[in-house]
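Participant:
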Amino acid sequence: MTSSSNSPQAHGADEIPSLYGPGKNVKRVRTRHLIEAKERGEKWAMLTSYDMYTAALFDEAGIPALLVGDSAANNVYGYETTLQVSVDELVPLVAAVARSTERTLVIADMPFGSYESGPVQALETAVRFMKAGAHAVKLEGGRRMAEQIRALTNAGIPVMGHIGFTPQSEHAVGGYRVQGRDAQAAEVEADAHAVAEAGAFAVVLEMVTASVAAEITKQLPIPTVGIGAGPDTDAQVLVWQDMAGLRRGRPQRFVKRYAEVADVLQDAAKAFADEVRAGEFPTKAHSFE
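Each residue of the sequence shown is one higher than the one before, starting from 47 at the first, in the working numbering.
#1: Which residues does DSSP list as the beta-bridge partners of M206?
#2: Can you tell me where the alpha helix (DSSP H) holding A259 begins and where it ends?
#3: Considering only residues of the same chain and omitting the five flanking positions on each side of F175, which have a CB-CB separation below 6 Å?
#4: In the DSSP output, which residue or residues are listed as bridge partners for M289?
#5: Does DSSP put D97 in a helix, in a strand, or in coil?
#6: Can you check the stretch 135-202 for any beta strand (DSSP E) of at least 3 residues that lies completely inside it and give the ranges in chain order?
#7: Assign V249 to one of two classes, buried (16 or more other C-beta atoms within 10 Å of its C-beta) or exposed (fewer than that).
#8: Spell out a yes or no on whether the stretch 127-140 and the stretch 104-117 are touching, meaning 3 or more CB-CB pairs, one atom from each, closer than 8 Å.
#9: Is the Cβ-Cβ distance between T150 and V271 less than 8 Å?
#10: Measure the CB-CB distance between A305 and A275 and report whether it falls below 8 Å.
#11: Going by CA-CA distance only, name the one from Y96, Y66, Y99, K73 that's closest to K89.
#12: Helix, strand or coil for G69 per DSSP?
#13: Sort P267, A244, D237, I273 by Cα distance to L251 and report the nearest one.
#14: Compare the C-alpha of E233 against each of G124, V254, G245 and name the closest.
#15: Below 8 Å between beta carbons: does that hold for A240 and M206?
#16: Determine the DSSP secondary structure at I109, reduced to helix, strand or coil.
#17: Mind checking whether V131 and Y96 have CB atoms under 8 Å apart?
#18: Would you mind stating whether E261 and E243 have Cβ atoms separated by less than 8 Å?
#19: Report yes if the CB atom of A144 is closer than 8 Å to the CB atom of A180, and no otherwise.
#20: Which residue wins for smallest C-alpha separation from A238, given the options I81, Q298, G188?
#21: So, is H208 buried or exposed, given that buried needs 16 or more other C-beta atoms within 10 angstroms?
#22: Could you tell me the alpha carbon to alpha carbon distance between A317 and L284, rounded to whole angstroms?
#23: Report the three-state DSSP secondary structure of I273 (helix, strand or coil).
#24: Taking all protein chains shown into account, do 16 or more other C-beta atoms lie within 10 angstroms of the C-beta of G210, making it buried, or fewer, making it exposed?
#25: Where do the ends of the beta strand (DSSP E) carrying F298 lie?
#26: Who pairs with A91 in a beta bridge, going by DSSP?
#27: Closer than 7 Å by C-beta to P297: which residues in its own chain qualify, once you throw out the five before and the five after it? Chain order, please.
#28: Whole angstroms is fine: what's the gap from Q194's alpha carbon to G164's?
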């Protein structure tokens, strides 16, 4: 029997009682739904997406939030780091993902150099992404970015924060290093509170020790999204090429591969090439009279 608290009548036509409910004919996930999920103890997943096909597939799979990440730098454009990707390169990807989804919340990652100089620059960048179809934006930095977060939220633009290891600052932090150990724990916690108090609806915790991430999750009223931050955050995010095994090579410790898509694609390409060389494709079934 369905309880009254989970019925459509109890929540209203635009309410989503569960983030993992049916994908069809359900209105868009909003930031408040993610906060409500935290309140009832429901964990949720977020993936990156940069194109129409993965966006539609992940939307149908029930992923409630998709991040058009600056990780497109090394997963789409072939750059070595995320520092090289631009707003102009990300805006079309945001538009494609937004147009290809019905239910998921689409979050645009603000790239390096597009918000650091102050609230005015941050607002100009965020407006571009919102006009492209994003429902929220994400930016890196804790206390030092509180003013930018506050300016965006005051302008009606939902913001997801990002603290701990921040890839756009990898040179300043000395490379890929776990955050929150020993005396550093207080710094990470202070950043988390600053982001929440500035108005962010959620915050990514990247490569933060599991114990610190768990404590932050308990303290904050907004959802925490972990990537390499242990099992106790409210949500988890992975780059989809890592999650599905499209990217080869040794993955980061926090990555779990749920498929080996690279092998599937390569096998398909080889089979296609072999059949063409052998004259086995196309056949009459693939031809017109």
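We put the CB at the ideal spot given by N, CA and C, even for glycine.
If you're wondering where the values come from, they're calculated on a predicted model, not measured in any experiment.
Facilitator: Well, looking at it:
#1: K184, A248
#2: 256-265
#3: V140, A154, V183
#4: In DSSP, M289 forms no bridge with anything.
#5: coil
#6: 151-155, 182-184
#7: When all chains shown are included, V249 counts as buried.
#8: yes
#9: no
#10: In this structure, A305 lies away from A275, with their beta-carbon atoms at least 8 Å apart.
#11: Distance from the Cα of K89 is smallest, within the candidate group Y96, Y66, Y99, K73, for Y66.
#12: Note that G69 has pLDDT 49, beneath the 50 cutoff, so the model's placement of it is unreliable and no number is given.
#13: Nearest C-alpha to L251: I273.
#14: V254
#15: no
#16: coil
#17: no
#18: no
#19: yes
#20: G188
#21: Burial check for H208: the Cβ neighbour count within 10 Å reaches 16 or more, so the residue is buried.
#22: 30 Å
#23: Taken through DSSP and simplified to helix, strand or coil, I273 comes out as strand.
#24: buried
#25: Looking at the sequence shown, residue 298 is not Phe but Gln. Element bounds for Q298: n/a, residue is neither H nor E.
#26: For A91, the pairing in a beta bridge is given by DSSP as Q282.
#27: D288, R303
#28: Approximately 6 Å, taken between the alpha carbons.
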